[in-house]
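**Student:**
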Amino acid sequence: MSSWEKIELVLATSWQPNRRDFLSKLMIEPGSVGAQFFEGAFNCLFSDAINAKREFEQYYSVEYGTLEHYLDGRYGIVLDEEELEKENIFLCTWLSGALDKNYDDNQFENVMQCIRDLEGANENQG
């Protein structure tokens, strides 16, 4: 990890990120001001985040041996077995204003609940 990279949030999910489903679940109209606000949240959580599981599988599996060793050795992150089994482990290096807990009107909990709901719906389909 580069010295400038700070992991702000770790998000383990088997839901495959889909901007349209994300905004729809939050009841946000495409093209609206709200969409711009929450698209920033989507970008920091998924588009701009490091997908550590994919990175491990593509580049570091020989060096580290296990995903668990990779996350701990490279990022200092320890996850439980359930999180390690998720299809994606996103490492977010920045948080949008919608998610920044330093702001009183942040939507962090609403967005995390949205992702849990989308993941639950995904698991029920599979």
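Numbering (the numbering used here), first residue to last: 2 to 127. Note that CB positions come from ideal geometry on N, CA and C, so glycine has one too.
Between which residues of its own chain and residue 1 is the CB-CB distance below 6 Å, once the five residues before and five after are set aside?
**Tutor:** Nothing can be reported for residue 1: it is not among the residues displayed for the chain, which extend from 2 to 127.
**Student:** Would you mind reading off the limits of the beta strand (DSSP E) that contains residue 93?
**Tutor:** Locating residue 93 in the sequence shown gives position 92, counting from the first residue. Looking at the DSSP string, the run of the beta strand (DSSP E) that includes residue 93 is 89–93.
**Student:** Figure out for me which residue from 73, 6, 23 and 109 has the closest Cα to the Cα of residue 120.
**Tutor:** Counted from its first residue, the sequence shown places residue 120 at position 119. Out of 73, 6, 23 and 109, 23 has the C-alpha closest to the C-alpha of residue 120.
**Student:** Rounded to whole angstroms, how far is the Cβ of residue 93 from the Cβ of residue 46, which I believe are closer than 8 Å?
**Tutor:** As a first step, residue 93 is located in the sequence shown; it is residue number 92 there, counting from the start. As a first step, residue 46 is located in the sequence shown; it is residue number 45 there, counting from the start. Contact holds; Cβ gap of about 6 Å.
**Student:** Is the CB-CB distance between residue 15 and residue 123 below 9 Å?
**Tutor:** By one-based count along the sequence shown, residue 15 stands at place 14. By one-based count along the sequence shown, residue 123 stands at place 122. Taking 9 Å as the Cβ cut-off, residue 15 and residue 123 qualify as a contacting pair.
**Student:** Let me check you understand the geometry: is the CB of residue 32 closer than 8 Å to at least one non-hydrogen atom of the ligand ATP?
**Tutor:** This structure simply doesn't include the ligand ATP, nor any ligand for that matter.
**Student:** Mapping DSSP to helix, strand and coil, what is residue 116?
**Tutor:** Against the sequence shown, residue 116 aligns to sequence position 115. DSSP places residue 116 in helix when its eight states are reduced to three.
**Student:** Could you tell me how far apart the beta carbons of residue 76 and residue 61 are, in whole angstroms, since I believe they sit closer than 8 Å?
**Tutor:** For the purposes of this step, residue 76 is taken as the residue at position 75 of the sequence shown. For the purposes of this step, residue 61 is taken as the residue at position 60 of the sequence shown. Contact doesn't hold; Cβ gap of about 11 Å is too wide.
**Student:** Distance check for residue 106 and residue 66, CA to CA, integer angstroms please.
**Tutor:** Indexing the sequence shown from 1 puts residue 66 at position 65. Indexing the sequence shown from 1 puts residue 106 at position 105. Going from the Cα of residue 66 to the Cα of residue 106 covers about 42 Å.
**Student:** Which stretch, first to last residue, makes up the beta strand (DSSP E) that contains residue 42?
**Tutor:** Walking along the sequence shown from the start, residue 42 turns up at place 41. Element bounds for residue 42: not the beta strand (DSSP E) but the alpha helix (DSSP H), 34–43.
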